[in-house]
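Engineer: Before I ask anything, let me first share the structure, which is written out below as structure tokens.
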């Protein structure tokens with residue numbers, strides 16, 4: 003991220019979406035994408051255009067020969083985070099094509115002639131990306147946690163049901179990888195944020211972290227060989243852990259207006 007972009011982002015967040023300098027008075031949005039190669043989150047300021055409920059952004063790169071990096075990110079990972087004024091929400095990014103793209107780019111160029119100049123200065127058709135808000139998903143993030151748990155239950159069930167050797171190994175690794183990814187994300191990102199927002203959750207979160215360690219040990223055993231005894235132990239530990247976590251965290255997560263660790 004350039005120093006200039008960082009200054010714009012900090013000013014935007016400090017002033018409810020208003021900035022000075024070259025962007026003063028411009029309709030500006032902050033777009034956070036996930037790196038196509040790195041998997042890291044990147045935030046970029048962009049001029050936007052409203053079109054009903056959706057927000058349009060333009061991969062102009064100031065008329066440069068190549069598309070900006072954030073455009074490649076949304077192609078690989080369409081789910082983005084949008085900051086618009088004081089509002090913050092998840093959205094699905096969809097590049098527009100054909101007549102729709104041309105019509106909406108022409109509208110933007112009529113409003114802001116700089117975009118007409120950008121298009122004249124490059125041979126590529128500058129992409130127009132529609133951002134469709136997904137506020138409902140953010141408002142029910144606790145329900146999303148329950149869905150993740152249900153998926154993990156299903157993966158473990160496939161292992162416990164037994165299968166031909168090749169399939170059994172594949173199901174076992176799928177479950178182990180998914181469980182490890184889920185708990186690592188909670189330990190490193192979600193839980194520290196929740197602890198800051200809700201100090202009263204410290205004791206439940208400490209218990210959940212301790213249970214993660216126990217389950218991690220069983221997952222390590224399971225990676226070596228899906229023995230029936232290990233499967234039963236992990237099933238019991240996992241079910242008790244999920245039940246407690248959902249009891250403690252689902253109401254809190256569902257009450258959040260935005261996800262603080264996105």
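In our numbering, the protein residues as written are 3 to 264. Just so you know, even glycine gets a beta-carbon here, dropped at the ideal spot from N, CA and C.
1) Decide if residue 24 is buried, meaning its Cβ has at least 16 other Cβ atoms within 10 Å, or exposed.
2) Got a sec, what are the start and stop residues for the beta strand (DSSP E) residue 131 sits in?
3) Over what stretch of residues does the alpha helix (DSSP H) that includes residue 145 continue unbroken?
4) CA-CA distance, residue 107 and residue 100?
5) Can you pull the DSSP bridge partners for residue 86?
6) Figure out for me which residue from 89, 129, 38 has the closest Cα to the Cα of residue 32.
7) Quick check on the burial criterion: 16 or more other C-beta atoms within 10 angstroms. Buried or exposed for residue 191?
8) Going by beta carbon distance, what residues of the same chain come within less than 8 Å of residue 151, once the five residues before and after it are set aside?
9) If you drop the 5 nearest sequence neighbours on each side, which residues of the same chain put their C-beta closer than 7 Å to that of residue 128?
10) Okay, do the region 205-220 and the region 152-161 touch, 3+ Cβ pairs below 8 Å being the bar?
11) Tell me which same chain residues have a C-beta within less than 6 Å of the C-beta of residue 72, skipping the five on either side of it?
12) With a threshold of 7 Å on Cβ separation, who are the neighbours of residue 178 within its own chain once the five nearest residues in sequence on each side are excluded?
13) Quick one: measure Cβ to Cβ for residue 207 and residue 193, integer angstroms, because I've assumed they're closer than 8 Å.
14) Measuring only the C-alpha atoms, how far is residue 67 from residue 125?
15) If the criterion is Cβ atoms closer than 8 Å, does the pair residue 95 and residue 136 meet it?
16) Among 18, 6, 44, 5, which has the Cα closest to the Cα of residue 81?
17) Just the Cα atoms here: how many angstroms apart are residue 75 and residue 205?
18) Distance check for residue 51 and residue 153, CA to CA, integer angstroms please.
19) Exposed or buried, which one is residue 251 when buried takes at least 16 other CB atoms within 10 Å?
20) Please report the straight-line C-alpha distance between residue 118 and residue 64, rounded to a whole angstrom.
21) Taking the alpha-carbon positions, what's the residue 42 to residue 5 distance?
22) Apart from the five residues on each side of it in sequence, which residues of its chain come closer than 8 Å, Cβ to Cβ, to residue 131?
23) Hey, would you say residue 19 sits closer than 8 Å to residue 30, going by beta carbons?
24) Using DSSP bridges, identify the partner residues of residue 36.
25) For residue 200, name the three-state secondary structure that DSSP assigns.
26) Between which two residues does the beta strand (DSSP E) harbouring residue 77 extend?
Structural biologist: Once the coordinates are examined:
1) With a threshold of 16 other beta carbon atoms within 10 Å, residue 24 falls short and is exposed.
2) Run containing residue 131: 130-135, per the beta strand (DSSP E) assignment.
3) Run containing residue 145: 143-163, per the alpha helix (DSSP H) assignment.
4) For the pair residue 107 and residue 100, the Cα-to-Cα distance works out to about 11 Å.
5) Answer by DSSP bridge pairing, in chain order: 89.
6) Out of 89, 129, 38, 89 has the C-alpha closest to the C-alpha of residue 32.
7) With fewer than 16 Cβ atoms within 10 Å of its Cβ, residue 191 is classed as exposed.
8) Counting only Cβ-Cβ distances below 8 Å, and skipping sequence neighbours, we find 244, 247, 248.
9) Once the five neighbours on either side are set aside, the close Cβ partners of residue 128 are 60, 61, 62, 107, 120, 121.
10) Flag = no, the region 205-220 and the region 152-161 do not touch.
11) If we look at residue 72 and ignore the five residues flanking it on each side, its Cβ neighbours are 35, 46.
12) Non-local beta-carbon contacts of residue 178 in its own chain, meaning distances under 7 Å to residues more than five positions away in sequence, involve 221, 224, 225 in chain order.
13) Contact flag correct, Cβ pair sits at about 5 Å.
14) Answer to the nearest angstrom: the Cα atoms are 7 Å apart.
15) Their beta carbons are not under 8 Å apart, which means residue 95 does not touch residue 136 by this criterion.
16) Residue 44 is the option with its Cα nearest to residue 81.
17) CA-to-CA, the gap between residue 75 and residue 205 works out to about 38 Å.
18) CA-CA distance, residue 153 to residue 51, rounds to 38 Å.
19) It counts as buried.
20) Going by the C-alpha atoms only, they are around 10 Å apart.
21) Here the C-alpha atom of residue 42 lies approximately 18 Å from the C-alpha atom of residue 5.
22) Here the set comprises 58, 59, 60, 61, 73, 76, 95, 96, 97, 98.
23) Going by C-beta atoms, residue 19 is nearer than 8 Å to residue 30.
24) DSSP lists 43 as partners of residue 36.
25) It is coil, neither helix nor strand.
26) Element bounds for residue 77: not the beta strand (DSSP E) but the alpha helix (DSSP H), 71-78.
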